[in-house]
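> Okay, here's the structure, questions in a sec.
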Amino acid sequence: MNENIAEIIGKRIRAKREEIGMRQKRLAEKVEVSPAAINQFEKGEKKPSSEVLARIATELGVSTDYLLGASDEEKMFLSGNVVAAFRDFKELSKKDREIILSHIEFLKSKAKEKEKGK
């Protein structure tokens, strides 16, 4: 394989972005770079910084290892839905976050009780 790392990253970004139906402009907005930068990344003309690569991976729901070609395993430990939920969580008011966290604690305690009952 004669591809350089920038080409590998670019092909994987484009493939995943197209797979989820996201336009370059939307990805650029989400990761706070210009659409021209996304285009350069996808063409393998330029490598994203490690920070931008991490943001792209998060938005696309894949690992940075996948984008770098170090792994063919796309999935992160957290699914894209969980990542999106965390992103939404950050936008909630402090009171709403506290309510959600208390619900999570309640559900965890119920799960532990259920497990003990087995």
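Just so you know, we're using this note's numbering here: the sequence shown kicks off at 4 and counts up by one. In this text, a Cβ means the ideal position worked out from N, Cα and C, and glycines have one as well. Model, not experiment: these values are computed from the prediction.
Straight-line CA distance for N42 to E101?
The alpha-carbon atoms of N42 and E101 are separated by roughly 40 Å.
> Assuming K50 and I8 are in contact, meaning their beta carbons sit under 8 Å apart, how far apart are those beta carbons, in whole angstroms?
Confirmed, about 7 Å.
> Hey, V65 and K19 are a contact pair by Cβ (cut 8 Å); roughly how many whole angstroms apart?
Yes, they are in contact, since the Cβ atoms of V65 and K19 sit about 6 Å apart, within 8 Å.
> Please report how far the alpha carbon of K14 lies from the alpha carbon of K119, in whole angstroms.
The straight-line gap from Cα to Cα measures roughly 48 Å.
> Going by the beta-carbon positions, is the gap between L71 and I23 smaller than 8 Å?
Taking 8 Å as the Cβ cut-off, L71 and I23 do not qualify as a contacting pair.
> Classify F125: buried if its beta carbon has 16 or more other beta carbons within 10 angstroms, exposed otherwise.
This structure cannot settle anything about residue 125, because the visible part of the chain is limited to 4 through 121.
> Considering only the beta carbon of each residue, do I12 and F44 sit closer than 8 Å?
Going by C-beta atoms, I12 is nearer than 8 Å to F44.
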